[in-house]
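With the first letter of the sequence shown counted as 1, position 61 gets the number 479 in our numbering; the numbers rise by one all the way through. Glycine residues also receive a C-beta, built at the ideal position from the N, C-alpha and C atoms. To keep things clear, I will list the structure first and then write my remarks on it.
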Amino acid sequence: EIVTTALFVMVILTVATDERAAWNGVMAPLLIGLFIFTAATVVGPASGGSFNPARSLDPVLYNQEWGDVWIYIIGPLAGGVLGAAIWTFICLREGPTPDPRFETARDDEPHSPRDDERRP
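Written out as structure tokens, the structure reads:
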């Protein structure tokens with residue numbers, strides 16, 4: 419439950435909220451749905467594939483059997499925090515500062531193939 423939810427959070431943060439993505443969230447519903455299908459298929463037989471604590475609480479409240487319900491409550495909560503922390507560490511950290519001596523043409527400066535021919 420922890421690993422699956424962590425991966426789920428990372429998928430959502432990557433495909434739906436990351437502005438650097440080429441598709442700008444257009445493919446998010448398809449990719450999130452594909453992840454849910456894959457995760458439910460793989461994890462479902464092992465743990466029931468309960469990614470939502472509210473979904474796990476309904477049968478417990480109805481039957482009043484509290485045995486292992488903590489797994490389905492703590493697992494997704496911890497997985498969500500873990501996934502957000504990993505995504506933040508990987509995707510939001512600053513890269514190295516480029517050396518200005520090796521600076522290339524800037525976006526605001528026009529560049530064409532003929533510029534290379536004019537250089538001595």
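Annotation: the continuous alpha helix (DSSP H) that includes V499 extends over 487-509. At the C-beta level, G485 and A424 stay beyond 8 Å of one another. DSSP places V444 in the coil class of the three-state scheme, outside both helix and strand. A direct Cα-to-Cα measurement between P463 and L448 gives close to 23 Å. In terms of Cβ geometry, W505 and V427 form a close pair [threshold 8 Å].
The DSSP-derived three-state label of R438 is coil.
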